[in-house]
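*Asks:* Shown below is the structure under consideration.
In the numbering used here, the protein residues as written are 173 to 281.
Have a look at this one:
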């Protein structure tokens, strides 16, 4: 996501003809490096033993975070740490801006 490219799927050999969306092109298997459009990427994981996962990922746009922080709106941000030093570390500006960007994205979804 940092480079704007989706890496190819490993060990992909052929399309399953019994899946209509793959056959007609509505869904694609990324078989080569592909440009990421709109910043969203879906990832599936099917593991042995029944583990299944699906995630929709969105790249962090740090300019959005900076614009968000520049606004004059009052916000409540919760921080958690097991020590005072850990809390001080979490409050450093770079980390704080990235966390606020994630919180902003969560509220937009």
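The beta carbon of each residue, even a glycine, is placed where N, CA and C say it ideally should be. Keep in mind that this is a model prediction, so the values were computed, not measured.
Can you check whether the CB of residue 181 is closer than 9 Å to the CB of residue 205?
*Replies:* It is not a contact, given that the beta carbons lie outside the stated cut-off.
*Asks:* Could you spell out the range, first to last residue, of the beta strand (DSSP E) harbouring residue 201?
*Replies:* Note, residue 201: premise wrong, no beta strand (DSSP E); not H, not E.
*Asks:* If distances are taken between C-alpha atoms only, which option among 228, 252, 175 comes closest to residue 277?
*Replies:* Nearest C-alpha to residue 277: 228.
*Asks:* To the nearest whole angstrom, what separates the beta carbons of residue 208 and residue 177, a pair I think is in contact under 8 Å?
*Replies:* Confirmed, Cβ separation roughly 6 Å.
*Asks:* Looking only at its chain, what residues have a beta carbon closer than 8 Å to the beta carbon of residue 195, apart from the 5 residues adjacent to it on each side?
*Replies:* Answer for residue 195: 187, 189, listed in chain order.
*Asks:* Is it the case that the Cβ atoms of residue 261 and residue 253 are separated by a distance below 9 Å?
*Replies:* Yes, they are a contact pair.
*Asks:* Just grab the DSSP bridge partners of residue 214 for me.
*Replies:* Bridge partners of residue 214: 228.
*Asks:* Tell me the residue span of the alpha helix (DSSP H) that contains residue 189.
*Replies:* First-last for residue 189: undefined, no H or E at that position.
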